[in-house]
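The structure appears below as structure tokens.
Protein chains: 2
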Amino acid sequence: MADDPLKLDTFICFALYSANHAMNRLYKPMLDALNLTYPQYLVMVTLWEEDGQTVGGIGEKLFLESSTLTPLLKRLEAAGFIQRIRSKEDERQVLIHLTSEGVALKKKAASIPACILDASDHTVEELTRLKAEITTLRAALSKNAA
Amino acid sequence: MADDPLKLDTFICFALYSANHAMNRLYKPMLDALNLTYPQYLVMVTLWEEDGQTVGGIGEKLFLESSTLTPLLKRLEAAGFIQRIRSKEDERQVLIHLTSEGVALKKKAASIPACILDASDHTVEELTRLKAEITTLRAALSKNAA
DNA sequence: TACAATTATTTATCGCACGATTTAGGCAAT
DNA sequence: ATTGCCTAAATCGTGCGATAAATAATTGTA
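The listed protein sequences correspond, in order, to chains D and X.
No gaps in the numbering here: position 130 of the first sequence is 130 in the UniProt record's numbering, and each next residue is one more.
No gaps in the numbering here: position 81 of the second sequence is 81 in the UniProt record's numbering, and each next residue is one more.
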């Protein structure tokens with residue numbers, strides 16, 4: 001039982017799966033108030049950091065395909081948070097711009113981080129280190145995926 | 001920019017989100033070969049560890065609701081891996097039993113852990129420790145969710 | 001000009017997840 | 001025995017995310 005190879009494997013993947021799940025549940029009520037889903041929130045965060053990115057650029061940062069992003073972005077556009085504008089320089093590209101409502105949303109989201117930190121029972125330093133380790137793992141997994 | 005509160009928050013949640021995502025992608029081809037999805041795989045693992053669990057019991061271990069599990073279990077039953085049998089002792093409960101095919105599937109899944117470990121570029125010890133830390137974080141998040 | 005590469009969209013399909021409700025069975029008290 | 005409460009699972013409705021594969025439009029190049 002202890003040396004069952006299906007054990008460790010399960011738990012490292014399961015740890016990620018369930019922690020992500022728990023994070024989702026924690027965010028849910030706060031994001032509901034903003035009319036955002038979790039992946040949509042991630043997109044908004046990248047836009048708050050840098051407006052006017054292309055679909056592909058956002059996808060590169062979030063590791064999402066355009067076939068996932070396009071409908072998601074349309075929902076954000078329908079909600080009034082962004083505008084999808086085809087680039088003049090390269091008409092293959094679509095630039096994503098925040099609307100004034102999209103910009104305003106950042107203020108409402110500003111209180112979220114403190115809530116997460118608080119619920120984590122961790123210090124900022126601990127979370128930062130853990131974040132880095134998880135990111136390192138992700139990078140390895142991605143690299144060796146193909 | 002550096003003290004933007006939306007930064008840290010994003011990244012601890014995003015680290016989990018994207019690492020889970022990467023893990024999913026790594027599993028996908030292997031699980032496709034077994035005719036399983038990721039959550040279905042998790043259910044199978046819990047059954048390989050202990051057969052004959054109730055729906056609620058499985059949900060408790062995986063943090064899933066019956067409204068999520070019931071259809072998932074029906075798909076596993078349709079695939080021939082499990083059987084759903086109402087308990088004689090308490091007819092409110094449904095016991096999930098592996099079929100012979102479900103048991104046999106464990107052998108085919110046995111090679112997965114090594115692949116994951118290999119792709120992680122980590123030692124078993126490192127993964128074990130990281131797993132523990134992530135699990136601790138999950139516990140805190142769950143506890144403070146309500 | 002023809003061909004290749006890039007960018008995003010579309011189409012089709014599927015499963016997960018949640019909330020709210022419902023059904024059925026168990027359990028306890030009066 | 002009936003009432004009422006609790007629990008377990010299923011159901012219903014809804015929506016999003018994700019992937020794969022094909023398509024379209026534009027750009028760049030041989």
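By construction, the Cβ of each residue, glycine as well, lies at the ideal position given by its N, Cα and C atoms.
Here the structure is a predicted model, which means the values were calculated and not measured.
Taking a Cβ-Cβ threshold of 7 Å, the residues of chain X close to V45(D) are L6 and T10, in chain order. In terms of Cβ geometry, I96(X) and T128(X) do not form a close pair [threshold 9 Å]. For the 9 Å CB-CB criterion, Y17(X) and M23(D) form a contact.
Between the region 74-89 of chain X and the region 121-140 of chain X there are fewer than three C-beta pairs closer than 8 Å, too few to call the two in contact. In the three-state scheme derived from DSSP, where H, G and I count as helix and E and B as strand, T54(X) is classed as strand. The contact set of H97(D) on chain X, defined by CB atoms closer than 7 Å, is empty, because the minimum CB distance reaches about 19 Å. The beta-carbon of V103(D) is placed no less than 9 Å from the nearest beta-carbon of chain X. Excluding its 5 nearest sequence neighbours in each direction, T46(X) has C-beta neighbours in its own chain below 8 Å: Q53, I58, K61 and L62, listed in chain order.
Of all alpha-carbon atoms in A109(X), T99(X), L73(X) and G56(X), the one lying nearest the alpha-carbon of R92(X) is that of G56(X).
Neighbours of E133(D) in chain X, taken as residues whose beta carbon is under 7 Å from its own, are L130 in chain order. Comparing alpha-carbon positions, the option among D121(D), I112(D) and L141(D) lying closest to P5(X) turns out to be I112(D). L98(X) has its alpha-carbon roughly 50 Å from the corresponding atom of R84(D). If you draw a 10 Å sphere on the C-beta of V43(D), you find 16 or more other C-beta atoms in it, and that means buried. Each of A139(X), E49(X) and E50(X) was checked against the Cα of S120(D), and the nearest Cα belongs to A139(X).
In the three-state DSSP reduction, L36(X) falls in the coil class, being neither helix nor strand.
At the C-beta level, I116(X) and Y27(X) come within 9 Å of one another. DSSP places H122(X) in the coil class of the three-state scheme, outside both helix and strand.
DSSP places L95(X) within a strand segment (E or B) once states are collapsed to three. Under DSSP, R84(X) shares a beta bridge with I96(X). Residues Y41, L105, K108 and A109 of the same chain have their beta carbon placed closer than 8 Å to that of L34(X), with the five preceding and five following residues left out of the count. For E89(D), no Cβ of chain X is located within less than 9 Å of the residue's own Cβ. Counting the other CB atoms within 10 Å of its CB gives A114(D) a total below 16, which places it among the exposed residues.
Within the same chain, Cβ atoms closer than 7 Å to the Cβ of Y38(D) are found at N24, Y27 and L31, the five residues on either side in sequence being excluded. Out of K7(X), D51(X) and L64(X), the CA that lies nearest to the CA of F14(D) is found in L64(X). For K131(D) against F11(X), the beta-carbon gap comes to about 5 Å, under 8 Å, which counts as contact. For L64(D), there is no enclosing alpha helix (DSSP H), as DSSP gives it neither H nor E. Taking the C-beta atoms as reference points, V124(D) is found nearer than 9 Å to L8(X). The closest CA to that of K74(X), considering only L36(X), A19(X), D118(X) and L141(X), is found on L36(X).
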